[in-house]
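What follows is a single structure, written as structure tokens, with notes after it.
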Ligand code: FAD
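Below, the structure is given as structure tokens:
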């Protein structure tokens with residue numbers, strides 16, 4: 099298939115990109131890595147009147163250490179996140195997750211802004227934004243605003259952006275942790291996840307002082323499981339803790355049956371991944 103006819107602009111600033119979107123009266127689309135948008139154009143599932151290509155806006159590509167936060171420009175490629183020593187040191191869960199994102203050629207082009215905006219419920223970056231409670235900064239005709247992941251991800255493949263708004267930056271808080279893990283199962287390595295979990299813990303002398311848990315592949319959008327975090331804080335740790343954690347996680351999700359897996363299978367997978375993730379996190383010395 100070939101796309102329907104469209105105009106094309108390649109602005110050099112975010113302001114010019116927003117102006118082009120405003121001028122399109124809601125008919126324009128932003129182009130970043132093109133890894134999700136181009137198939138949609140080719141199948142004519144998207145028919146924008148104009149493509150606003152962000153690739154010439156150099157100011158949108160960076161990874162910046164801001165002390166207790168790491169800021170990432172919207173045009174930063176998946177592969178840069180995968181190989182960044184700063185991300186490995188400060189956001190290790192992200193570093194571990196990035197090699198599960200698609201295949202090398204896609205990671206070379208795909209961007210964090212594109213992945214968040216596409217909002218696939220089985221994609222790693224939306225899940226990581228949820229896990230870290232990232233600040234998603236967007237720019238539109240009336241300036242910038244910051245959106246929390248809970249509000250940004252509305253449903254499968256649906257975000258809360260206005261048609262003239264562009265994601266410009268995502269800021270990830272650095273977690274206080276002495277153990278963490280990212281676990282995922284996909285049919286083939288690099289496929290979208292059937293189920294996945296991210297876990298971070300901080301231990302005290304007799305129990306957990308902090309815990310963070312997020313899952314994906316088991317709902318229409320990624321979920322942070324705050325109830326599970328609270329229950330984990332109430333548990334001490336002994337050899338039964340990973341099994342109890344897995345039971346608790348499974349009891350808190352209700353996936354649907356779909357083409358790729360039954361709901362029961364996804365729950366079973368998630369339970370196994372939860373147990374393995376907590377075992378890995380607890381085995382770390384901190
Ligand atoms: P584009 O394709 O350019 O855009 C996607 C959408 O986001 C479009 O609607 C576009 O208008 C909008 N958009 C882009 N940038 C912005 C912005 N800054 N502000 C506002 N809107 C914007 N992803 C995974 O996470 N895990 C996987 O396992 C995985 N497997 C894949 C396998 C295949 C075969 C393919 C083709 C893709 C896969 N992907 C996977 C998706 C990949 O990560 C994409 O790169 C990503 O979803 C979209 O990023 P992009 O930069 O290519 O965005």
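Numbering (my numbering), first residue to last: 99 to 384. Glycine is no exception: its CB is placed at the ideal position from the N, C-alpha and C atoms. Remember, predicted model here, so these are calculated numbers, not experimental data.
What would DSSP say about residue i, mapped onto helix, strand or coil?
{"i": "residue 314", "result": "strand"}
{"i": "residue 321", "result": "strand"}
{"i": "residue 134", "result": "coil"}
{"i": "residue 371", "result": "helix"}
{"i": "residue 233", "result": "strand"}
{"i": "residue 171", "result": "strand"}
Could you compute how far the alpha carbon of residue i sits from the alpha carbon of residue j?
{"i": "residue 364", "j": "residue 293", "result": "6 Å"}
{"i": "residue 256", "j": "residue 185", "result": "27 Å"}
{"i": "residue 280", "j": "residue 253", "result": "23 Å"}
{"i": "residue 272", "j": "residue 103", "result": "44 Å"}
{"i": "residue 314", "j": "residue 115", "result": "32 Å"}
{"i": "residue 274", "j": "residue 162", "result": "19 Å"}
{"i": "residue 125", "j": "residue 205", "result": "28 Å"}
{"i": "residue 288", "j": "residue 173", "result": "21 Å"}
{"i": "residue 370", "j": "residue 244", "result": "36 Å"}
{"i": "residue 236", "j": "residue 338", "result": "44 Å"}
{"i": "residue 372", "j": "residue 189", "result": "20 Å"}
{"i": "residue 374", "j": "residue 340", "result": "7 Å"}
{"i": "residue 213", "j": "residue 150", "result": "17 Å"}
{"i": "residue 153", "j": "residue 209", "result": "10 Å"}
{"i": "residue 290", "j": "residue 201", "result": "10 Å"}
{"i": "residue 158", "j": "residue 118", "result": "17 Å"}
{"i": "residue 160", "j": "residue 266", "result": "11 Å"}
Is the shortest distance between the beta-carbon of residue i and the beta-carbons of chain B less than 8 Å?
{"i": "residue 312", "result": "The structure shown contains no chain B; it holds only a single protein chain."}
When you compare the CB positions of residue i and residue j, do they come within less than 8 Å of one another, or not?
{"i": "residue 344", "j": "residue 353", "result": "no"}
{"i": "residue 264", "j": "residue 107", "result": "no"}
{"i": "residue 312", "j": "residue 225", "result": "yes"}
{"i": "residue 141", "j": "residue 99", "result": "yes"}
{"i": "residue 330", "j": "residue 296", "result": "no"}
{"i": "residue 277", "j": "residue 304", "result": "no"}
{"i": "residue 251", "j": "residue 319", "result": "yes"}
{"i": "residue 246", "j": "residue 269", "result": "no"}
{"i": "residue 321", "j": "residue 378", "result": "no"}
{"i": "residue 122", "j": "residue 148", "result": "yes"}
With a threshold of 7 Å (Cβ to nearest heavy atom), would residue i be considered close to ligand 3?
{"i": "residue 238", "result": "Within the structure as shown, ligand 3 is missing, the only ligands being ligand 1."}
* Quick one: which unbroken beta strand (DSSP E) runs of 3-plus residues sit fully inside the region 190-228? Chain order, please. => none
* Within the region 267-308, note down every full alpha helix (DSSP H) run reaching 4 residues or more, in order along the chain. => none
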